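Presented below is the structure to which this report refers.
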Amino acid sequence: MIKLIDYLASKTGIENKSLLEKDVLLHMLLCELSENPFFKNNLVFKGGTCLIKCYLGYYRFSEDLDFSWVKQDEFEGKSQKEIRRILSKKISEVTSFLEIFSKKNNLDFKANKSDKRYIEIGGSNRQLTCKIWYRSAVLNIEQFIKIQINFVEIFQYPFKRIETKSVLTNIDESKELSFLFPEYAEIILKHPKVSCYDIREIFTEKVRAVLTRRGIKARDFIDLFLISKKEKINLKTIKFKVLEKTRFMMRYQKYIQNLKDFRLEKFVLGEEEKLMLRPIGNGFGKFLKNMHAFLIQLAEELKSEAV
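Below, the structure written as structure tokens:
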């Protein structure tokens, strides 16, 4: 693996080899998931890695795979106890597949719901987080890739079916890669088609994450800025959808971020700067100021409804 990572680093100009290694593993897993009937029929791709692989290209690294459960009508008219039982079976199917994938690729994952090293289940089975561990060939320490699934969600836009990108998508080295690394070439050069969120759905969900997550993540604002720039999103026109999506989550999670404590002048990338692969671009400061005001307005409206 280390020779492969060195080769990819030389071809892409990416210096952070440990993140490159993680990206290769995420791509391998996404390729396998795209061919599995259970995942193809039941899960929709979303989040930062979806944004990078399906819409905006590699402007930064993402370190996990995020999905939502497609068939929300399965839970309609069911009691909380019935929903928990249904979700328990779904979680077993997901974790069993991940265990098979891990064994096949010499990774470490066990489908044991009680072992928090591998599996965390939150919100009465509504959210699943799985960690697949591996010994980094670059760092020679244990690392993990993370898979998260939200089983109960509201969707506001039709799903798209999009061919995913890899870190080599815009670099024509297929013949050389196939010759030097035949055991990896097929999977790395693959561009599986996946069902994924509309980019506007990613935007509203990321705004919700900023409103409801404990702690600010710089990457969320960068993602929101780049989506807004690409799609020319008007915050006023999308306000209703953000509120709708956040109100839905507040049925299960009552926390709303205290955004008045967020100081623009103290906004720094910090640790997340290592994830960036290209400059953010002009206009980020102005966007950040407008987004901050928008978020405070949303937070105050949501808090007033909760009283």
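In our numbering, the protein residues as written are 148 to 454.
Where is the CB? At the ideal position from N, CA and C, for every residue including glycine.
Please read all numbers here as calculations on a predicted model, not as lab measurements.
Going by beta carbon distance, what residues of the same chain come within less than 7 Å of residue i, once the five residues before and after it are set aside?
i: residue 282; result: 289
i: residue 172; result: 281 and 292
i: residue 169; result: 210, 290 and 292
i: residue 309; result: 201, 340, 341 and 343
Exposed or buried, what is residue i when buried is set at 16 or more other beta-carbons lying within 10 Å of its beta-carbon?
i: residue 202; result: buried
i: residue 311; result: buried
i: residue 459; result: In the structure as shown, the chain begins at 148 and stops at 454. Residue 459 is therefore absent and cannot be evaluated.
i: residue 261; result: exposed
i: residue 342; result: buried
i: residue 384; result: exposed
i: residue 256; result: buried
i: residue 335; result: buried
i: residue 300; result: buried
i: residue 446; result: buried
i: residue 237; result: buried
i: residue 399; result: exposed
i: residue 195; result: buried
If residue i sits next to residue j, beta carbons under 8 Å apart, how far is it from one beta carbon to the other, in whole angstroms?
i: residue 333; j: residue 392; result: Going by Cβ atoms, the distance from residue 333 to residue 392 rounds to 38 Å, so no, they are not a contact pair.
i: residue 344; j: residue 218; result: Incorrect: roughly 16 Å between the Cβ atoms, too far for contact.
i: residue 326; j: residue 240; result: With 8 Å as the limit, residue 326 and residue 240 do not qualify as a contact, their Cβ atoms being about 39 Å apart.
i: residue 183; j: residue 235; result: Wrong, their Cβ atoms sit about 20 Å apart, outside the cutoff.
i: residue 371; j: residue 395; result: Going by Cβ atoms, the distance from residue 371 to residue 395 rounds to 19 Å, so no, they are not a contact pair.
i: residue 206; j: residue 373; result: 7 Å
i: residue 442; j: residue 357; result: 6 Å
i: residue 158; j: residue 320; result: 6 Å
Can you find the residues in the same chain that come closer than 6 Å, C-beta to C-beta, to residue i, ignoring five residues on each side of it along the sequence?
i: residue 164; result: 152, 156 and 285
i: residue 274; result: 297
i: residue 225; result: none
i: residue 354; result: 389
i: residue 422; result: 207 and 208
i: residue 258; result: 242, 243 and 246
i: residue 328; result: 151
i: residue 232; result: none
i: residue 148; result: 284
i: residue 118; result: The structure shown has nothing for residue 118, since the chain only spans 148 to 454.
Excluding five sequence neighbours on each side, which residues of the same chain lie with their C-beta closer than 8 Å to the C-beta of residue i?
i: residue 448; result: 390
i: residue 348; result: 193, 302, 303 and 304
i: residue 161; result: 155, 167, 314 and 424
i: residue 306; result: 191, 217, 342, 343, 344 and 345
i: residue 188; result: 217
i: residue 380; result: 347, 350 and 374
i: residue 221; result: 233
Could you check what DSSP says for residue i in three-state terms: helix, strand or coil?
i: residue 360; result: coil
i: residue 192; result: strand
i: residue 154; result: helix
i: residue 297; result: strand
i: residue 423; result: strand
i: residue 219; result: helix
i: residue 342; result: strand
i: residue 394; result: helix
i: residue 441; result: helix
i: residue 231; result: helix
i: residue 319; result: coil
i: residue 379; result: coil
i: residue 257; result: coil
i: residue 213; result: strand
i: residue 205; result: coil
i: residue 430; result: coil
How do the stretch 208-223 and the stretch 354-365 stand: do at least 3 beta-carbon pairs fall below 8 Å, yes or no? At 8 Å Cβ cutoff, the stretches do not touch.
Are at least three pairs of beta-carbons, each pair with one atom in the stretch 303-323 and one in the stretch 247-256, less than 8 Å apart? In short, these stretches do not touch, since the Cβ pair count stays below three.
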